[in-house]
Amino acid sequence: MARQIPLAPSAPWFRLELDEADWSGEQAQDLIHWYGQMLLIRRFEEKLLDLEKAGLIHGPAHASIGQEAGAVGAMSALGTDDKINGTHRAHHQVLLKLLNPSVPTDFDIRTDDFAPGMDEAIYRFMAEIMGLTPGYCGGRGGSMHMRFAGAGVVGTSAIVGGNPPHAAGYALADKMLGRDHISVAFFGDGAAQNGASYEAMNIAAAQSLPVIFFIENNLYGVATHISDVTRETRLSSRGAMLGIASIECDGMDVVAVHRAMVEARRIIRETGGPVVVEALCYRHFHQSGSRSGSDFGYRTKEEEAAWRERDPIALAEARLTALGLLSPDEFARIDALVTDRIAAAAGRLTEPVPGGNTLRIPEGLWPDPATRDNGILGDLSELAGKRMLDHDDMRPDAIEKVKFVTAASETLAAAMAHDPRIIVMGEDAHQMRGGVSGFTKGALERWPERVLPMSIAENGFTGVALGAALNGLRPVVEIMFGDFCFTAADQIANGVGKVRHMFGDGFPVPIVLRVRISPHTGYGSQHSGDPSALFGMFPGWRIVTPSNAFDYIGLMNSALACDDPVVVFEHTELYQKEFDVPAGDREFHIPFGSARIVRPGGACTVLATSVMVQNAVKAAEETGIDAEVIDLRNIDHHGIDWALIGKSIDKTGRVVIAEQTARSLSMGGTWAAEIQERFFDCLDHEILRVTGGLAAPTVSAALNRAALATVADVKNALLRIAEK
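Numbering follows the UniProt record's numbering, in which position 399 of the sequence shown is assigned residue number 399; successive positions increment by one, without gaps.
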């Protein structure tokens, strides 16, 4: 007879219950200090709301008023070298993480004044929220995007669910580099329903990473109650079901949160991690601004009043009074102190309008509009001194023929031998003697522990790689098929593509994305695309398209040494082809921004990428048209070699752009517009573009071939452009 056997999660899952007696078990000085920190957050955010009402904050101000205990309790268990990130609502966590490194060890908020570093942290954070130059990110981040690595704030994200993968990446870097730190991702109930959060937790569990996923469950995603969007409202269950130790606690009680975090650190110390902490809490106000949720009809005044009776600051005041730790005068003194220090910061950032009773921002505090595009990418100075080589530099007596895929594997292995920070992440990367393409063969033979298998979760592991890159590793991420970049588009665009510029530059983002392009293999519409145009939309990426093994070696080595994000597009049609390379040399570089004339000519200029380079050469030979074929190699906004292209166009007066991909995914339209702007006076003919069809290739062999640009298409373009 069938039986039903109850199942339970393999990991511990429990609620941590405290009562008033537990407060007496903490050090009195700690309790007083935590109270002062909660009050500091409250007064800081009240001032922000005043500034917003006065029109002095451009953009939203997502107040965390009511949720202070979660931030203070969490930070009480963290050191400066521990890392955090947060979401659009992160003032409370970030303020304390910025402030704590400057708090003197013996600081007593009852009697001491703030140290200069404490005042400076408040001032600079307020300036950042107001979008001003003294801010930690120069005003570019504002309220929702914040980074200051010196205090362990590696970068908040305004994308719901965008930040948990990054924190897992910080933890991955700490683990692999042997650093005894933890990382904490703060996010809310809304993000707990997001796929990227699940992917991050699963990857962290599979890799046993020292990271805490801290869920601030305040019941509402903007105006939607949690019960409207999920049947299981106990959000710590998300961790338990993934084999992660999970703790639920009262997020309105600072001691409860502190104890939960201490327990989480103990679990990480004993098991390696990760841990989920769910803090049950409540924001007093609406999603943004100072109005209540009841004003918008999605919460009742009765519900809000009930939660306000459990206000974390009021609760702390009652407990501290009952314990006899603070008198009414001392409460007043603490309030006066924090209010004064916040007012002082605001006073440095505002001035009276002459002849009026309102405030304005002094003109000298605004960022210079001329710097709007500064810091998108670095200056490539890290490549200075590298041994550069190009095709013409090869010695005829020291050449060997090597398959493209073999060169790829050997180049990665050679780079990993010199740089222990390089790791590889990808689906099946650790199997089949080198993954699906053979790329990791050399790495697996020597450093299998640095080749990490990833779940089928491109958005998640791309975000983990970004976090690892921001914390000291140099990850190489494999995307198995080009179309899968679109499943990772959030991290590619909102994460990697914007991170440096958004946070004000001055830090490396050394991530390499290897993207396999397989349009000719019959895998159909969802496995055959070339997503170059996606990356081209975000100038925070460098994009390279090697058309032969020599270029792959040189461009990949430059990518691996570069402090900018680089995507390397590999056309699988090239994998088994042999090419001339320097014998035994897999360590030379090719400078970014250098195109190459593959075939000199005078009749027209053909700008080609990837497999279309040889197709263009073949088309020129078969038509007898003296075309000059240029292999672009770099196709990002910063890397197009306009000097070489302009010299060629000045000579030929005619341009053909040859890409194999669908016209809808072509980058040629952008290049054509740039050519018109730069070299219009040199042109004797309209620019012709060779691409595939409008749609992605489908499975039928006949339709697959018809969907892609071919030698014949280039020949037709050459014949047409040579007619006039």
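For each residue, glycine too, the CB sits at the ideal point set by N, CA and C.
Here the structure is a predicted model, which means the values were calculated and not measured.
As a quick exercise: from E622, T271, E628, F592, pick the residue whose alpha carbon is nearest that of L607. For the purposes of this step, residue 607 is taken as residue 607 along the sequence shown, with counting starting at 1. Here the closest residue by C-alpha is E628.
Please list, in chain order, all residues of the same chain as G482 whose beta carbon is under 7 Å from its beta carbon, the five residues on each side excluded. In the sequence shown, counting from the first residue as 1, residue 482 sits at position 482. Excluding sequence neighbours, G482 sits near V515, R516, I517, G529, D530, P531.
With DSSP as the reference, label V699 as helix, strand or coil. Your numbering for residue 699 matches position 699 in the sequence shown. Correct three-state label for V699: coil.
Does DSSP put M425 in a helix, a strand or coil? Along the sequence shown, one-based indexing puts residue 425 at 425. Three-state DSSP puts M425 in a strand.
So G434 and S409 are supposed to be a Cβ contact under 8 Å. How far apart are they, rounded? Numbered from 1 along the sequence shown, position 434 holds the residue referred to as residue 434. Numbered from 1 along the sequence shown, position 409 holds the residue referred to as residue 409. Indeed, because the Cβ distance is near 6 Å, the residues count as touching under 8 Å.
Could you tell me if L694 is buried or exposed, where buried requires 16 or more neighbouring beta carbons within 10 angstroms of its beta carbon? Position 694 of the sequence shown, counted from the start, is the residue given in the question as residue 694. So L694 counts as exposed.
I need the boundaries of the alpha helix (DSSP H) containing G178, first residue and last residue. The residue given as residue 178 occupies position 178 in the sequence shown. Element bounds for G178: n/a, residue is neither H nor E.
Give a yes or no on whether 9 Å exceeds the smallest Cβ distance from V464 to chain B. Within the model displayed, chain B is absent; a lone protein chain is all it includes.
Examine the Cβ distances between the stretch 313–329 and the stretch 78–97 and report whether three or more of them are shorter than 8 Å. no
Would you check if the distance between the CB atom of residue 745 and the CB atom of A206 is smaller than 9 Å? Residue 745 lies beyond the residue range present for the chain, which begins at 1 and ends at 724; the question has no answer from this structure.
CA-to-CA distance, V72 to T545, given in whole angstroms: Working through the sequence shown from its first residue, we reach residue 545 at position 545. Working through the sequence shown from its first residue, we reach residue 72 at position 72. When rounded, the distance between both Cα atoms is 49 Å.
Considering G462, what are the terminal residues of the alpha helix (DSSP H) in which it resides? Stepping through the sequence shown from its first residue, residue 462 is reached at position 462. Correcting the residue type first, residue 462 is Thr in the shown sequence and not Gly. 458–469 is the extent of the alpha helix (DSSP H) around T462.
Residues sharing a beta bridge with I32, DSSP: To locate residue 32, count along the sequence shown from 1; it is residue 32. The partner list for I32 (beta bridge, DSSP) is empty, contrary to what the question assumes.
Count the other CB atoms within 10 Å of the CB of A260; is the residue buried (16 or more) or exposed (fewer)? Your numbering for residue 260 matches position 260 in the sequence shown. Per the 10 Å Cβ criterion, buried.
Out of S236, G152, P591, which one is the CA nearest neighbour of M75? For the purposes of this step, residue 75 is taken as the residue at position 75 of the sequence shown. It is G152.
Among T358, V611, S197, which residue has its Cα nearest to the Cα of G55? Looking up residue 55 in the sequence shown gives position 55. Here the closest residue by C-alpha is T358.
Apply the 10 Å Cβ neighbour rule to S381 and answer buried if 16 or more other Cβ atoms are within range, or exposed otherwise. Here the question's residue 381 lines up with position 381 in the sequence shown. It counts as exposed.
Output the distance between the C-alpha atoms of I399 and G639, rounded to the nearest integer angstrom. For the purposes of this step, residue 399 is taken as residue 399 along the sequence shown, with counting starting at 1. For the purposes of this step, residue 639 is taken as residue 639 along the sequence shown, with counting starting at 1. Computed Cα separation, rounded: 28 Å.
Please state whether DSSP places L365 in a helix, a strand or coil. What you label residue 365 is simply residue 365 of the sequence shown in a count that begins at 1. Looking at L365 - three-state DSSP - the assignment turns out to be helix.
Less than 9 Å separating the beta-carbons of L49 and A63? Locating residue 49 in the sequence shown gives position 49, where the first residue counts as 1. Locating residue 63 in the sequence shown gives position 63, where the first residue counts as 1. Contact: yes.
Residue ranges of each alpha helix (DSSP H) within the stretch 229–255, 4 or longer: 237–240
Would you report the Cα separation of L337 and P362, rounded to the nearest angstrom? As a position in the sequence shown, residue 337 is number 337, starting the count at 1. As a position in the sequence shown, residue 362 is number 362, starting the count at 1. In a straight line, the C-alpha of L337 is about 26 Å away from that of P362.
Check the DSSP bridge columns for F125 and list the partner residues they point to. Working through the sequence shown from its first residue, we reach residue 125 at position 125. DSSP lists no partner for F125.
If you follow the alpha helix (DSSP H) that A658 is part of, which residue opens it and which one closes it? For the purposes of this step, residue 658 is taken as the residue at position 658 of the sequence shown. That residue, A658, is in no alpha helix (DSSP H); its beta strand (DSSP E) goes 655–658.
Nearest-angstrom Cα distance between G141 and G540? On the sequence shown, residue 141 is found 141 positions in, with the first residue counted as 1. On the sequence shown, residue 540 is found 540 positions in, with the first residue counted as 1. Those two C-alpha atoms are separated by around 16 Å.
Minimum C-alpha distance to S246 - residue among L383, S10, A712, E573: One-based indexing of the sequence shown puts residue 246 at position 246. Per the Cα distances, S10.
Whole angstroms is fine: what's the gap from A127's alpha carbon to F114's? As a working note, residue 127 is residue 127 in the sequence shown. As a working note, residue 114 is residue 114 in the sequence shown. In a straight line, the C-alpha of A127 is about 18 Å away from that of F114.
Rounded separation between A158 and M144 - CA only: The residue labelled residue 158 in the question sits at position 158 within the sequence shown. The residue labelled residue 144 in the question sits at position 144 within the sequence shown. Each residue's Cα considered, the two are about 6 Å apart.
Within the same chain, show all residues whose beta-carbon is closer than 7 Å to that of I721, passing over the 5 residues directly before and after it, in chain order. If you number the sequence shown from 1, residue 721 lands on position 721. Taken in chain order, the residues that qualify are C604, R654, V656, H685, L688.
Using C-beta distances below 7 Å, list every residue in its chain close to T609, excluding the 5 sequence neighbours before and after it, in chain order. For the purposes of this step, residue 609 is taken as residue 609 along the sequence shown, with counting starting at 1. Here the set comprises T545, L632, I635, E659.
Every unbroken alpha helix (DSSP H) inside the stretch 74–127 [4 residues or more]: 91–99
If distances are taken between C-alpha atoms only, which option among M252, F507, A429 comes closest to D379? In the sequence shown, counting from the first residue as 1, residue 379 sits at position 379. The option with the nearest alpha carbon to D379 is F507.
Confirm, please, whether the CB-CB distance from S197 to G161 is below 9 Å. On the sequence shown, residue 161 is found 161 positions in, with the first residue counted as 1. On the sequence shown, residue 197 is found 197 positions in, with the first residue counted as 1. Their beta carbons are under 9 Å apart, which means G161 touches S197 by this criterion.
For residue 789, tell me which candidate among I649, E570, L708 has the shortest Cα-Cα distance. This structure cannot speak to residue 789, because the chain is shown only from 1 to 724.
The stretch 261–281 in contact with the stretch 222–232 per 3-pair CB rule at 8 Å: no
Whose CA, out of N615, V690, G593, E677, lies closest to the CA of A643? Looking up residue 643 in the sequence shown gives position 643. Out of N615, V690, G593, E677, G593 has the C-alpha closest to the C-alpha of A643.
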